[in-house]
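> Got a structure here, written out as structure tokens. Questions coming.
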């Protein structure tokens, strides 16, 4: 069985409203959705106390390429993260 490294690259300024990410190395045929990614981001933010008392919408991830019908294609996956509560935003949805 061959091991595949998964690489994650981000681009965008920490105060930008939108940032992007590229995921390389995902095999074809893996089921995943933007809804699942968004759910995991919200879960992690709660675990780190990032939403405590916040009255802002959580960030939203949009899959731009690399997936079709909810399954990975084996090509790089492009993601866009939108921080609707900022004039800017942050690197792929984290406030660090």
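In our numbering, the protein residues as written are 112 to 207.
Yeah, the Cβ is synthetic: ideal placement off N, Cα and C, and Gly gets one too.
Among residues of its own chain, excluding the 5 on either side of residue 83, which ones have a beta-carbon nearer than 6 Å to its beta-carbon?
Look at the range of the chain in this structure, 112 to 207, and you will see that residue 83 is not part of it.
> From this set, 137, 195, 181 and 174, which residue's C-alpha is nearest residue 131's C-alpha?
It is 174 whose Cα lies nearest to the Cα of residue 131.
> Could you give the residue range of the alpha helix (DSSP H) that holds residue 155?
Looking at the DSSP string, the run of the alpha helix (DSSP H) that includes residue 155 is 145-158.
> I'd like to confirm the pairing. Which residues does DSSP put opposite residue 190 in its beta bridges?
BP columns for residue 190 point to 132 and 174.
> Would you mind working out which of 188, 193 and 194 sits nearest residue 142, comparing C-alpha positions?
When each option's Cα is compared against that of residue 142, the closest is 188.
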